[in-house]
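Peer 1: Mind looking over this structure? Questions follow.
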Amino acid sequence: MTKSSFKKAFKDSLPIMAGYLALGMGFGVLLQSKGYSFWWAIFMSITMFAGSGQYAGADFMASGASLLTTAFMTLIINCRHFFYGVSLLDKYRGTGIVKPYLIFGLTDETYSITATTTLEDGIDPKKYYFFLTALNHSYWITGCTLGAVLGMFLPFSSEGVDFAMTALFIVIMTEQWLSSENHLPAILGASTTVLCLVIFGAEYFIVPSLCLISAEMVIFRKRLDKTTDEVDNNE
Amino acid sequence: MNELYPLLQVLIMAAVIAFTRFLPFLAFPEGRKRPKIITYLGGVLPYAIIGMLVVYCFKGVSVFSYPYGLPELIAGAFVVGVHVWLRNTLISVFGGVAVYMLLVQLVF
Numbered sequence: 012m013t014k015s016s017f018k019k020a021f022k023d024s025l026p027i028m029a030g031y032l033a034l035g036m037g038f039g040v041l042l043q044s045k046g047y048s049f050w051w052a053i054f055m056s057i058t059m060f061a062g063s064g065q066y067a068g069a070d071f072m073a074s075g076a077s078l079l080t081t082a083f084m085t086l087i088i089n090c091r092h093f094f095y096g097v098s099l100l101d102k103y104r105g106t107g108i109v110k111p112y113l114i115f116g117l118t119d120e121t122y123s124i125t126a127t128t129t130l131e132d133g134i135d136p137k138k139y140y141f142f143l144t145a146l147n148h149s150y151w152i153t154g155c156t157l158g159a160v161l162g163m164f165l166p167f168s169s170e171g172v173d174f175a176m177t178a179l180f181i182v183i184m185t186e187q188w189l190s191s192e193n194h195l196p197a198i199l200g201a202s203t204t205v206l207c208l209v210i211f212g213a214e215y216f217i218v219p220s221l222c223l224i225s226a227e228m229v230i231f232r233k234r235l236d237k238t239t240d241e242v243d244n245n246e
Numbered sequence: 381m382n383e384l385y386p387l388l389q390v391l392i393m394a395a396v397i398a399f400t401r402f403l404p405f406l407a408f409p410e411g412r413k414r415p416k417i418i419t420y421l422g423g424v425l426p427y428a429i430i431g432m433l434v435v436y437c438f439k440g441v442s443v444f445s446y447p448y449g450l451p452e453l454i455a456g457a458f459v460v461g462v463h464v465w466l467r468n469t470l471i472s473v474f475g476g477v478a479v480y481m482l483l484v485q486l487v488f
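Those protein sequence lines, which keep their order, are chains A and B. Note that this note's numbering numbers the first sequence so that position 60 is 71, with each residue one more than the last. Note that this note's numbering numbers the second sequence so that position 10 is 390, with each residue one more than the last.
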């Protein structure tokens with residue numbers, strides 16, 4: 012049972028292995044280009060385990076952002092995780108001793124697998140989720156470390172490497188667009204953010220954007236919620 | 381370089397990230413009923429938030445001065461095109477970075 016759980020986790024993790032090595036290396040090179048040794052890349056990839064959070068973190072470190080700004084911006088960038096957890100409450104129920112690690116390692120990519128995969132008989136969900144999370148974590152640490160080590164010997168300029176984060180989000184958005192029928196959330200999310208960027212400026216637009224987007228989602232609930240018909244309106 | 385300050389920054393970021401991941405599991409513990417609106421938002425918001433994050437990445441681009449955001453636009457369109465074509469995250473991301481690096485280092 013342990014073996015088949017590991018085998019499935021490994022198979023499902025292969026696309027993430029590729030993505031994490033590439034994005035992790037991008038991060039390692041970026042961090043190294045800002046003057047931080049590879050020990051920082053190892054430390055950050057172990058303790059933070061977050062793509063966009065670490066990319067943005069490299070900027071906060073290089074610019075010497077205040078601790079309050081660092082904490083607040085990290086919260087803003089990562090508060091989407093809250094909603095990932097919300098949709099995994101049932102799947103991660105009863106995973107016992109490994110549950111804290113599963114939650115700690117709940118990245119976009121791990122979420123995209125665990126939230127969508129169906130586990131056949133003979134596979135222990137607890138072991139499967141643990142192996143998947145730990146494998147992804149190990150790829151991420153490896154990628155970040157490699158990038159930071161190799162970055163020192165890169166014979167070319169690394170200007171533009173940070174586009175990896177933009178490219179990843181564009182890929183996720185494209186993937187969601189192709190795999191869902193209702194594009195209203197994606198359209199509202201992007202257009203509302205553009206609006207807030209124009210109104211509030213580049214420094215302060217994220218929080219108003221998130222609040223507005225959430226409000227819009229509630230307003231359009233009847234159109235967006237597939238379970239609306241069964242929902243009683245007592246809330 | 382002062383090593384203590386970035387160390388503090390990393391520890392704070394790690395704690396905040398862990399907080400965002402643990403919060404829903406702490407707020408809605410096993411075996412307790414939760415509001416349906418939470419379940420609904422959990423399903424629908426990630427789509428909207430990814431749209432927000434794409435815009436977030438372009439926030440520093442100035443469209444009214446040279447190069448008018450052209451490298452971002454071209455590389456971004458390349459990523460979408462290649463991803464619709466191949467549906468391979470690695471190729472889309474790596475290819476997009478290569479195109480963008482080429483554009484900002486050699487073309488613009």
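No residue lacks a Cβ here, since even glycine has one placed at the ideal position from N, Cα and C.
#1: Report yes or no: is there a C-beta of chain B within less than 8 Å of the C-beta of residue 240 of chain A?
#2: By how many angstroms is the C-alpha of residue 413 of chain B removed from the C-alpha of residue 478 of chain B?
#3: What is the rounded straight-line gap between the Cα of residue 432 of chain B and the Cα of residue 215 of chain A?
#4: For residue 66 of chain A and residue 176 of chain A, which I take to be in contact (beta-carbon distance under 8 Å), what is that distance rounded to the nearest angstrom?
#5: Give the interface partners of residue 157 of chain A over in chain B, defined as CB-CB distance under 7 Å, in chain order.
#6: Quick check: what's the CA-CA separation for residue 217 of chain A versus residue 172 of chain A?
#7: Given a limit of 8 Å on CB to CB distance, which residues of the segment 70–84 of chain A reach chain B?
#8: For residue 408 of chain B, collect the residues of the same chain with a Cβ closer than 8 Å to its Cβ; drop the 5 residues on either side in sequence, then sort them by chain order.
#9: So which residues on chain B does residue 232 of chain A lean against when the C-beta distance must stay under 7 Å?
#10: Using the C-alpha atoms, what's the distance from residue 454 of chain B back to residue 416 of chain B?
#11: In this structure, how does DSSP classify residue 176 of chain A when only helix, strand and coil are distinguished?
#12: Got a sec: is the Cβ-Cβ distance from residue 90 of chain A to anything in chain B below 8 Å?
#13: Would a check of beta-carbon distances place residue 97 of chain A closer than 8 Å to chain B?
#14: If you drop the 5 nearest sequence neighbours on each side, which residues of the same chain put their C-beta closer than 6 Å to that of residue 448 of chain B?
#15: Roughly how many angstroms lie between the CA atoms of residue 132 of chain A and residue 386 of chain B, to the nearest whole one?
#16: Where does residue 194 of chain A sit, in a helix, a strand or coil, going by DSSP?
#17: Does any residue of chain B have a CB that is nearer than 8 Å to the CB of residue 192 of chain A?
#18: For the structure I just gave you, are there three or more beta carbon pairs, one from the segment 389–398 of chain B and one from the segment 59–75 of chain A, closer than 8 Å?
#19: Beta carbons nearer than 9 Å to chain A: which residues of the segment 433–450 of chain B have them?
#20: Kindly indicate the opening and closing residues of the alpha helix (DSSP H) around residue 149 of chain A.
#21: Measure from the C-beta of residue 454 of chain B to each C-beta in chain A and report whether the shortest distance is under 8 Å.
#22: Would you call the segment 149–163 of chain A and the segment 394–408 of chain B in contact, with 3 or more CB pairs under 8 Å?
#23: Is there a Cβ of chain B sitting closer than 8 Å to that of residue 37 of chain A, yes or no?
#24: Consider the C-beta atom of residue 439 of chain B and the heavy atoms of the ligand MG; say whether any pair is separated by less than 7 Å.
#25: Does the beta carbon of residue 236 of chain A sit closer than 8 Å to a beta carbon anywhere in chain B?
#26: For residue 184 of chain A, which residues in the same chain have their Cβ closer than 7 Å to its Cβ, ignoring the five residues on either side in sequence?
#27: Between which two residues does the alpha helix (DSSP H) carrying residue 111 of chain A extend?
#28: List, in chain order, every chain B residue whose beta-carbon is nearer than 7 Å to that of residue 220 of chain A.
Peer 2: Judging by the given coordinates:
#1: With a pLDDT of 42 at residue 240 of chain A, under the threshold of 50, the modelled position of this residue cannot be trusted; read the value that follows with caution. Contact of residue 240 of chain A with chain B is not assigned, every C-beta pair being separated by 8 Å or more.
#2: C-alpha separation (whole angstroms): 48 Å.
#3: Looking at the backbone, the Cα of residue 432 of chain B and that of residue 215 of chain A are separated by about 13 Å.
#4: Contact between residue 66 of chain A and residue 176 of chain A holds, with the beta-carbon distance rounding to 5 Å and staying under 8 Å.
#5: Under the 7 Å cutoff, chain B gives no residues; its nearest Cβ is about 14 Å from residue 157 of chain A.
#6: Distance between the alpha carbons of residue 217 of chain A and residue 172 of chain A: 24 Å.
#7: Listed in sequence order: 71, 72, 75, 76, 78, 81 and 82.
#8: The answer, listed in chain order, is 414 and 418.
#9: Chain-order list of chain B residues neighbouring residue 232 of chain A: 420, by C-beta distance under 7 Å.
#10: In a straight line, the C-alpha of residue 416 of chain B is about 42 Å away from that of residue 454 of chain B.
#11: Helix at residue 176 of chain A.
#12: So, interface residue.
#13: It does: the Cβ of residue 97 of chain A has a partner Cβ on chain B nearer than 8 Å.
#14: Exclusion of the five residues before and after residue 448 of chain B leaves no residue of its chain whose Cβ lies closer than 6 Å to its Cβ.
#15: In a straight line, the C-alpha of residue 132 of chain A is about 47 Å away from that of residue 386 of chain B.
#16: It is coil, neither helix nor strand.
#17: At a cut-off of 8 Å between C-beta atoms, residue 192 of chain A does not count as an interface residue with respect to chain B.
#18: With contact defined as three or more Cβ pairs closer than 8 Å, the segment 389–398 of chain B and the segment 59–75 of chain A are in contact.
#19: The segment 433–450 of chain B vs chain A, Cβ under 9 Å: 433, 434, 435, 436, 437, 438, 439 and 440.
#20: That run of the alpha helix (DSSP H) goes 136–162.
#21: For residue 454 of chain B, no Cβ of chain A is located within less than 8 Å of the residue's own Cβ.
#22: Segments in contact, no.
#23: Answer yes: the Cβ-Cβ gap between residue 37 of chain A and chain B drops below 8 Å somewhere.
#24: In the structure on display, the ligand MG does not appear, and there are no ligands present to speak of.
#25: True, the Cβ-Cβ gap to chain B drops below 8 Å.
#26: 197.
#27: Membership of residue 111 of chain A in the alpha helix (DSSP H) is indicated by the continuous run 110–115.
#28: For the C-beta of residue 220 of chain A, the chain B residues within less than 7 Å are, from N- to C-terminus, 432.
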